[in-house]
Each structure stands twice: as C-alpha cells, then as structure tokens.
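These notes are about the structure you will find just below.
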Amino acid sequence: MKDNPFQYQNVRFLPILHNRLEFVLEVHRQWVEFQPEAVAVELPPTLQAPMLTAVQRLPYLSVILYQEKSGHHIYLPIEPVDGIVEAIRLGMEKSLPVFFIDRDTEGYPQRSDPMPDPYSVTRIGYQPYCLAYLKERGQEAPASEDVLRERTMASHALRLNHQYQRVLLVCGLAHWSGIVQQLDKNPELPLGRQKRSGVIVGYLKESSSREILSEFPFLQGIYEKERASSGPLNSALLHLDRTVIQKELLIQAGKEHLKNSREKVEAHQTAMLRKFARNLALLQGGLSPDFYQLLIAARGMVNDNFAYEVWELGSRYPFQETAPLLPEIEVTAEDLRLNQKQIRFYRRFRTFRRRLVPVPFKKRSTPAEKEENKKHWTGRYICSFPPEDIRVEGLGDYVKKKVRGVLSQEQVRVIPFSASLLDGLDIRETLRQVTEQKFYVREEIQVRGRVGSVVFVFHEDEPTEGKPEQFPWKLTWLGEHNQESDMAFYATPAGEDVVGPGISRCEYGGFVLSYPPYRMVDIWKDRFFNPARSKAERLLLAGIDYSEERLVAYIAVKPPRSYCHTFAHNQGRKIIYLPLGQFSPVLLTQIRFFHVLESPELRKGAHHYIR
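Note that numbering that gives the first Met the number 0 has the sequence shown beginning at 0, numbered continuously upward.
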C-alpha cells in the first residue's frame, strides 16, 4: 500500500475534488481502465435511498434536505459533475452494487482546504496531482470527527476487499491519506447512526441553480449533453476541456449580444478577453479563469451589456422540469455558507455572481413587463433623451475639428530653410535629407471654409429584392434650442424594443446634423433629393443642401459616388470623406443607440432604464 497509495489489494482508490469537471472525467477514465465489480462512495448509508432517487433524476437537478438535532438544516445539491454522483450513476447504469461507506455526522465544521487548481490535472496528470497533495498535506493530523469517518470508511473497505475482486472507492482527496493509514490498523467499525428520518428529496428551483452550483451551469449543461449524445465512458466525453467550454460560452454570448444589442463582438476582442481572464486567474493563483473572472474580463474588454449576456447564458442550466413531481426547494448562498463576491455593473441587470455574486443593477424589465409596455406604446408624442442629444452634438463638434485637422495636414508644405522659419522646423525631413546639409521648415497653409453639416452612416441599408429594410423608420427632427442642430435620420422603429414605460430603444442606420437649427424640412418627402439611390445618399444630399458652410463631413464605410460630388460642386460645397473605421468602436456604439420617450415628463425618470 505504501508503494501504491491508489491500490489496496482488491480496492482501487479514486480520490477527488468534489464538483470539479476534471475529476468527474477521471471517474470515467478509471472506470474504463479498472472495470469494477462494486462501487463504494464517501456518503453515509442513512442517505442512500434519497441519494439514489436524486441520481436517477439526472439530468434534472435535485436537493437532499434534512434537519439536525440542533435545528440546523443541511442542504446537499446533487450536481452532474461531482465525481461521487457520477460513480453512483455509472454503478446504477451498469447494475453494480453501490455501497455508502461514510459515517453519518452532525455539526460537521465547514472546511475550506486550499487545493491546487484542478485544471492542472489536464497538464500534469491525475496521479501526480494527488501525490503532490499527499506529499504536502497528507501528514497533517485530522480532527477527531475526521478520524471516526476515516476509520468507518476503512472498515467498510476491508470488508468489501474480501467480498469482491475489483472495488472502486471514490472519496474526497482530503480523507484519502487518512483512510489509507487506517487500513493497516485493521480497525473495527465505530458505532454510529444507522437511520435518519425526515430526509426530503426535492427539485432545485431554477433561480437557485443560477446561484449555488459549484461549476457554472453552462459547463454542467455541456457535460450532460455530451454524456447523453456520446454516452458515458466515451472518448469524446473524456476530452471535454473547461477552457474550450468557456470559449463556446463567449461565442454564444456574442451571438446573443448581436441579437439584443446589435453590437458585434469581434474575434480579436474574444481573444483579448480570454487572455485577460487567464492573466487575472494567474494573478489570483489559478491556471484557468473561473466564471467570476470571466465576467470581469467580459465587462472590461467589451462592455456591461456583453457581460450580462455571458452571465445570462453561463448561469442558465438547460435541463429544467416543467411539471415536477417532487417538492420545490429554494437554496440560497447563505444556506450553503458559500463565499460571495460582489461586482458593480452600470446597467439594468438582475443578479450577477461568481458561483454567487449578487449585484445591484439598474432596472431591467422582465419579458412580461416589456410586452405590457409595448402594448401601451402609442408613439404619438415623442421626444429625445437630452444626455444622448449632448453626446451626438459633441460628436458633431469632434468631427468638425477632425476634418480641419485632416485638411491642415494635407495642405502642409515642407521647403528648405531660406529666410524664415515659417511654422517651425521639420525635424523628420531634415534628418531624411541630412546628406544635403540643409534645414527644412513647414508652412501650414490656412484651410478655407468650415464644416456646416455632418453625415454619419453606420449601415447603408440599401434596398434588396425580397429582403426587408433593417432601418425603416425615417424622421426629421428640429433642434429644441439654438445650441442644438437640426437632425434627420433613419433607424429601427420606435416601439419595437420598449425598455421601460414609454421608453423605446432604437438604433441609427445613419443621420445628418446641420447647424444652425430651425431650417430643415422633412427631407424624406422633399422631391429635391429624389435622385438619391439610398437613404444614406439622401442624408448626404440634404447635408449638402442645408450646409451654410463650404465643407460637408461624410463618415461611412464606403465613399460617396461621383454624383454626390457633382451635386456638392454645383452647390459650392465640398464633401470630406472619413472612413468609419477611423473612429473608436466604443464611441460608435455609444452613438448608434438612442432612446425615444413618449413625453417630456418621462425625461426625469428615464435614466433608471437607460444606460
């Protein structure tokens, strides 16, 4: 036994960390290799009947509940990725005898032994991991209650050793060395409780499954789906990797984010997110990020909306009963005395957590509330949300300065120094022509004209046969005061995505800003702009026509066609094209989405629903 702590005659020891993917996969590997005749697990026989019932219900989640003499309630969630649960499950599927060999205890202290990251099993192997733990922690003196438990399990193991040729004993890593040491002493079975009454098996409430599972529910759902499709003991199941599952979660969350927020998470953002999460895990002593660290990375590398989608998908367990026959049991973090972390998000989210992370968020309407708000939406009297107006006006001012900066760079002359330094020494050109032994100076020629209109096109939404418009809502808005531009835009319809009472979220396809205000008529009905082939072109023609300055800024993915330049020339105007890619994706996201309110009175409380 000293030479091989994993094997004692006919008994194969399989020490595990509870509720960890890497160890439940090791149960499958050991099962294939060892082919046991009987299974022994670290659970008391007083819980055998309810435990078998709960395991039979998988993949549906169950909770075993009972009360101790002290009045304290004990909750035992049955999770698919627990190694002991899987050993029982395999034993039942193979019609093998399953023995519960632990001691029934009360008042057992909460343990939080530090353990190496279980993901290291995939790199160094299962046995080296366990032996490293045995070397570091195996000689520590156990508590008196642990001694009784280990003596009980050793006594049962000796009995099973004589009855069967191959016994697979699955126990916690913390008790492994104690059981091994007790085997050489040939211990008698200590006296203990043989029966426990009042044990209840119930199904775990869906909201609780988001909160209390040790491995995040998305991972457990993937494990169950793979187990069902390929079958237990299949090689495909054995190759599951938590980092690959996390990547799949991010990909699916990106699709939901695109669907709900109309923002695409690019591949490079996902790669940077995973690298950030990995580095965060390394700083905190882990090899792979946990769910909480993944959420922090999602928020930091993309935004709060995407982080919510990651949480929503990651904390959703896919197998839920519609008509359960068992009583419903709700379990909270406090019931299990789990460590909690708090993270603050500036968005209208519900609950956020790492294992359990309660988070205060802004209001987020439930689907039922959204449907109710949508029914009451009339859209007869609409107005904008002032903070978003200020943001758009700020963008317009920024673009005007950027255009002048671009034109200034284009009109810079670099000439050899003769009599005047003009606008300063050009160091770059001087060094480039150092062999000529001349100094070069810059002459910045004054830019003629200013920017009168700014046209932003996020999506041209060109008409396609058989394909509906993405941005069918067309509107012209006059400025509310002399500091605000007139605006025309096309966008998603108001009332389609109602995020609060009388508050609708929309997305610009494109817009034009023209200053000063109170001049723009409805450009969508003005026949003067009918030569435009698309909504984006109509915005540009309107921007040219209403501009009181010589320059018109046009920001889009593609430059305008030659007709637009001719139109501008005939009006004495000039189009300055800037590629959309020159602007920060974060800035564009902030601008693309806006909110429409049904009345000015809603402006006071709209910030509770708008981020």
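Yeah, the Cβ is synthetic: ideal placement off N, Cα and C, and Gly gets one too.
DSSP three-state assignment for residue i, whether helix, strand or coil
i           : result
residue 50  : helix
residue 486 : strand
residue 330 : coil
residue 341 : Residue confidence is low: residue 341 scores 48 on pLDDT, short of 50, so the model does not pin down where it sits. Its coordinate-derived value is still stated next. Here residue 341 sits in coil by DSSP.
residue 491 : coil
residue 548 : coil
residue 472 : strand
residue 260 : helix
residue 504 : strand
residue 117 : helix
residue 167 : strand
residue 457 : coil
residue 463 : strand
residue 432 : coil
residue 443 : strand
residue 285 : coil
residue 61  : strand
residue 6   : strand
residue 421 : coil
residue 517 : coil
residue 39  : strand
residue 155 : helix
residue 556 : coil
residue 594 : strand
residue 236 : helix
residue 194 : coil
residue 512 : strand
residue 186 : coil
residue 398 : helix
Residue i classed as buried or exposed, judged by whether at least 16 other C-beta atoms fall within 10 angstroms
i           : result
residue 114 : exposed
residue 354 : Note that residue 354 has pLDDT 37, beneath the 50 cutoff, so the model's placement of it is unreliable and the number below is only indicative. With 16 or more other Cβ atoms within 10 Å, it is buried.
residue 155 : buried
residue 8   : exposed
residue 456 : buried
residue 283 : exposed
residue 306 : buried
residue 380 : exposed
residue 304 : buried
residue 352 : Any reading at residue 352 is ruled out, since the residue's pLDDT is 32, under 50, leaving its predicted position unreliable.
residue 227 : exposed
residue 185 : exposed
Cα-Cα separation, residue i to residue j
i           : j           : result
residue 259 : residue 313 : 17 Å
residue 559 : residue 566 : 11 Å
residue 667 : residue 536 : The question about residue 667 has no answer here: the residues shown for the chain are numbered 0 through 610.
residue 296 : residue 263 : 17 Å
residue 4   : residue 268 : 46 Å
residue 481 : residue 516 : 6 Å
residue 170 : residue 16  : 9 Å
residue 10  : residue 25  : 17 Å
residue 191 : residue 43  : 10 Å
residue 404 : residue 389 : 23 Å
residue 21  : residue 118 : 7 Å
residue 430 : residue 122 : 54 Å
residue 131 : residue 590 : 55 Å
residue 175 : residue 152 : 10 Å
residue 97  : residue 502 : 59 Å
residue 95  : residue 57  : 18 Å
residue 82  : residue 34  : 16 Å
residue 326 : residue 200 : 8 Å
residue 179 : residue 162 : 19 Å
residue 164 : residue 158 : 12 Å
residue 518 : residue 218 : 58 Å
Paired residues, beta bridge with residue i - DSSP
i           : result
residue 243 : None; residue 243 has no bridge partner.
residue 675 : The structure shown does not extend to residue 675, since the chain is modelled only from 0 through 610, so no value can be given for it.
residue 72  : 66
residue 14  : 170
residue 19  : DSSP lists no partner for residue 19.
Residue i at chain B interface by Cβ criterion, 8 Å
i           : result
residue 462 : No chain B is part of this structure, which consists of one protein chain only.
Anticipated Cβ contact below 8 Å, residue i with residue j, distance rounded
i           : j           : result
residue 37  : residue 166 : 5 Å
residue 550 : residue 522 : Actually they are not in contact, since the Cβ atoms of residue 550 and residue 522 sit about 19 Å apart, beyond 8 Å.
residue 290 : residue 223 : About 17 Å; that fails the 8 Å criterion.
residue 422 : residue 435 : With 8 Å as the limit, residue 422 and residue 435 do not qualify as a contact, their Cβ atoms being about 21 Å apart.
residue 646 : residue 506 : The first residue shown for the chain is 0 and the last is 610, placing residue 646 beyond what the model contains.
residue 593 : residue 387 : 5 Å
residue 329 : residue 204 : 4 Å
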